[in-house]
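S.K.:
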Amino acid sequence: MEYLTDGERKAARRLVRSARSAGYLVSVWEGEGWAIRQSAKEADILRALGSTGEDRLDFIKAAASATEKPERIGWALLVYGNNPDGSELVADCQDNEATRTLIKGV
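So in UniProt numbering, the last spot in the sequence shown is 106, and the numbers never skip.
#1: Rounded to the nearest angstrom, what separates Ala62 and Thr5 at their Cα positions?
#2: Should Thr99 go down as buried or exposed, given a rule of 16 or more other Cβ atoms within 10 Å for buried?
#3: Identify whether Ser65 lies in helix, strand or coil by the three-state DSSP scheme.
#4: Give me the Cα-Cα distance between Asp58 and Pro84, rounded to the nearest whole angstrom.
#5: Are the segment 88-96 and the segment 19-28 touching by the rule of at least three beta carbon pairs closer than 8 Å?
#6: Out of curiosity, what's the CA-to-CA distance linking Glu71 and Ala48?
#7: Look at the alpha carbon of Asn82 and the alpha carbon of Gly7, and state the distance between them as a whole number of angstroms.
#8: How big is the Cα-Cα spacing for Ser39 and Ser87?
#9: Let me check one thing: in DSSP terms, what residues is Ser27 bridge-paired to?
#10: For the beta strand (DSSP E) containing Glu71, list its first residue and its last residue.
Written out as structure tokens, the structure reads:
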């Protein structure tokens, strides 16, 4: 997150906290590979952000049992540099209720 503005950093933190408080794991796709997959650790997720001009966060519902698979609930595309205050950090997202709820406070 060292290349993000203070506003982008705060907005990203709010989004990750929102996802974690909803019980979702978070994966970070940085365009060419996974920076982190299905993590519950806020600090690790935040450290994985901002190494490129954009990141996609995937929000994952953990498997309830060993026989089930995790389920991707939604995603949000973060594009850095649009507005230093972080108000335009989420450039796109999956259009469903769960994802809209997560990005509402960003």
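Don't be surprised by glycine CBs; every beta carbon is placed ideally from N, CA and C.
M.R.: In brief:
#1: Indexing the sequence shown from 1 puts residue 62 at position 62. Indexing the sequence shown from 1 puts residue 5 at position 5. If I take the Cα positions, the gap works out to 31 Å.
#2: What you label residue 99 is simply residue 99 of the sequence shown in a count that begins at 1. Buried.
#3: For the purposes of this step, residue 65 is taken as residue 65 along the sequence shown, with counting starting at 1. The answer is coil: DSSP assigns Ser65 none of H, G, I, E or B.
#4: Translated into the one-based positions of the sequence shown, residue 58 becomes position 58. Translated into the one-based positions of the sequence shown, residue 84 becomes position 84. Each residue's CA atom was taken as its position, placing Asp58 and Pro84 some 23 Å apart.
#5: Because the criterion of three Cβ pairs below 8 Å is not met, the segment 88-96 and the segment 19-28 do not touch.
#6: Here residue 71 refers to the residue found at position 71 when the sequence shown is read from its first residue. Here residue 48 refers to the residue found at position 48 when the sequence shown is read from its first residue. Rounded to the nearest angstrom, the two C-alpha atoms are 21 Å apart.
#7: Working through the sequence shown from its first residue, we reach residue 82 at position 82. Working through the sequence shown from its first residue, we reach residue 7 at position 7. In this structure, the CA atom of Asn82 is about 11 Å from the CA atom of Gly7.
#8: Along the sequence shown, read from residue 1 onward, the residue named residue 39 stands at position 39. Along the sequence shown, read from residue 1 onward, the residue named residue 87 stands at position 87. Cα to Cα, Ser39 sits roughly 25 Å from Ser87.
#9: Along the sequence shown, read from residue 1 onward, the residue named residue 27 stands at position 27. Asp58.
#10: Reading the sequence shown from its first residue, position 71 is the one you call residue 71. 71-79 is the span of the beta strand (DSSP E), which, as asked, contains Glu71.
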